[in-house]
Amino acid sequence: MTAYALAHLRPSDSPVEDDVLRYIERIQATMEPYGGRFLVHGGKVEVLEGAWPGDVVVVGFPGMAEARAWYASPAYQEILPLRTRHLDGDVVIVPGVGQEYDAVGTAAAMRNARERAAGERAEADS
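For the sequence shown, our numbering gives the first residue as 111, with consecutive numbering after it.
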């Protein structure tokens with residue numbers, strides 16, 4: 111199932127450093143062996159709730175294993191300091207959901223689990 115690497119990179123007060131430009135020039139080649147491709151790479155965000163200083167980057171991978179392997183790869187680890195020395199950010203990988211995903215079914219399963227846990231706590235307290 112598809113997985114995504116998501117990055118929220120916050121701006122610095124200084125102009126874009128040469129290191130960051132070198133990182134951008136080299137990152138795509140590190141993703142390609144793992145089937146990674148940019149889905150979102152910066153651009154103006156439209157904030158609908160809260161605050162969102164910075165840029166969003168979304169990279170799609172065939173699965174979680176490929177996303178993990180890319181991040182841990184020697185090629186990516188070699189260029190990572192080019193970014194981290196100059197930009198603060200948060201990076202996560204998350205699994206996608208299939209076309210069959212049903213939010214209503216997920217809510218029902220969560221409700222059932224919550225009710226089971228409450229019943230088990232009540233039983234333990236008696």
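Glycine is no exception: its CB is placed at the ideal position from the N, C-alpha and C atoms.
Entirely enclosed beta strand (DSSP E) segments - the region 145-200, minimum 3 residues: 147-151 and 165-171
Straight-line Cα distance separating Ala115 from Val201: The alpha-carbon atoms of Val201 and Ala115 are separated by roughly 7 Å.
Euclidean distance between Cα positions of Lys154 and Arg224: Each residue's alpha carbon lies about 39 Å from the other.
Beta-carbon spacing of His118, Gly164 below 8 Å: yes
Val130 beta carbon less than 8 Å from that of Leu192: Yes.
C-beta neighbour in chain B for Pro191, strict 8 Å: In the structure shown, chain B does not exist; there is a single protein chain.
Among Ala177, Trp162 and Gly160, the one whose alpha carbon lies nearest that of Thr140: Ala177
Reduced DSSP category for Val130 - H, G, I as helix; E, B as strand; rest coil: helix
Buried or exposed (CB count within 10 angstroms, at least 16 for buried), Tyr181: buried
Per-residue DSSP class, three states only, for Pro143: helix
Cβ pair Gly145, Pro121 closer than 8 Å: no
Straight-line gap, Ala217 to Glu159 (C-alpha atoms, nearest Å): 23 Å
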